[in-house]
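Below is one structure, written out as C-alpha cells; comments come after it.
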C-alpha cells in the first residue's frame with residue numbers, strides 16, 4: 611500500500627509540474643516528493659533493496675534541502691523599497707533570490723534633466739525603469755507622450771536588437787534602474803520562468819504609452835478645434 615502511494619505521489623507531482631499546476635520553485639513540489647519517497651521507504655522495510663533505499667533517502671534529503679532553501683530565502687533575503695518596486699514591475703512572480711541576481715546585473719542611477727535614454731533609429735543598449743521623475747517620448751522633433759513612475763524604456767526592441775522606435779529624454783531629474791540589454795537577455799535565457807513576467811510587463815507598459823499618446827493627440831485636436839476669438 612505504501613509503495614503504491616509513493617508511486618502515485620511521484621507521478622502526480624511530476625505530472626502536475628509538467629501541466630503547470632504547481633511550480634518547481636515552491637514548497638509543494640519538494641513536499642510531494644518527500645512524502646512519496648517516505649512512502650516508498652516504508653514499503654522497503656518489507657522488501658528491502660539497498661539501491662532503492664539509497665535513492666529514496668537521497669530523494670528525501672534533497673527535498674528537505676530544497677524546502678530549507680526556500681524558507682531561508684523567504685526569511686532572510688530582503689529587498690529595499692526601490693528593489694521591490696523593480697521586481698513588482700518587471701518580474702513579479704520571481705523569487706527573491708533570483709530577483710537579487712537580476713538586480714546585481716543592473717544599477718540604480720540619478721539622471722539629470724535632459725539625459726537621453728534612447729535615440730530614435732539607434733540600437734537600445736540599456737533597458738530602464740523610471741522610479742521617479744518625468745520623461746518625454748519624442749519622434750523626430752515632436753513630443754508624442756510623457757512617461758513617469760513605473761514606465762519602462764527600451765523594452766519594445768531590446769529582445770530583437772532593432773533600432774529604437776522613438777527617443778526618450780528626461781525632462782526632470784529622474785531616478786532610474788538601468789540594466790544592459792545583453793545582461794537582461796542572458797538572465798531571461800537562464801530563467802525562462804521570468805520571460806512570461808517580462809512579456810506581461812512589456813504589454814502593460816505598451817498599453818500605458820498608447821493611452822498617453824492618445825490623450826496627448828486628443829488634447830492637441832481639441833485645442834486646434836477651439837474657436838478663435
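Numbering (the numbering used here), first residue to last: 611 to 839. Just so it is clear, CB atoms sit at the ideal spot from N, CA and C, and this is done for glycine as well.
- In the three-state reduction of the DSSP assignment, residue 758 falls in the coil class.
- The distance from the Cβ of residue 693 to that of residue 741 is about 10 Å, inconsistent with a contact at the 8 Å cut-off.
- For residue 678, the enclosing alpha helix (DSSP H) stretches over residues 660 to 686.
- Taking a 10 Å sphere around the C-beta of residue 749, we find fewer than 16 other C-beta atoms and assign the residue as exposed.
- Relative to the Cα of residue 786, the nearest Cα in the group 731, 704 and 736 belongs to 736.
- Collapsing the DSSP output to three states places residue 725 in coil.
- Where residue 738 is concerned, the enclosing beta strand (DSSP E) starts and stops at 736 to 742.
- Secondary structure of residue 811 (DSSP, three-state): helix.
- With contacts defined by Cβ atoms closer than 8 Å, residue 780 and residue 743 form a contacting pair.
- Separation of the CB atoms of residue 620 and residue 646 is rounded to 4 Å, and the pair is thereby assigned contact status at 8 Å.
- Pairwise C-beta distances place the region 651 to 662 out of contact with the region 679 to 687, as fewer than three of them are shorter than 8 Å.
- A residue is called buried when at least 16 other Cβ atoms come within 10 angstroms of its Cβ; residue 701 meets this threshold and is buried.
- In the pairwise beta carbon analysis, the region 711 to 720 is classified as not touching the region 767 to 778: fewer than three pairs are separated by under 8 Å.
- By alpha-carbon distance to residue 739, the top candidate from 726, 718 and 747 is 718.
- Approximately 11 Å separates the beta-carbon atoms of residue 794 and residue 805; this is outside 8 Å, ruling out the contact.
- Setting aside the 5 residues that flank it on each side, residue 812 is surrounded in the same chain by 765, each with a C-beta closer than 6 Å to its C-beta; the list follows chain order.
- Burial check for residue 687: the Cβ neighbour count within 10 Å stays below 16, so the residue is exposed.
- A Cβ-Cβ separation of about 6 Å places residue 670 in contact with residue 644 under the 8 Å criterion.
- With respect to the C-alpha of residue 633, the residue from 772, 726 and 676 having the closest C-alpha is 676.
- A Cβ-Cβ contact shorter than 8 Å links residue 703 with residue 807.
- In this model, residue 665 and residue 616 are separated by some 13 Å (Cα to Cα).
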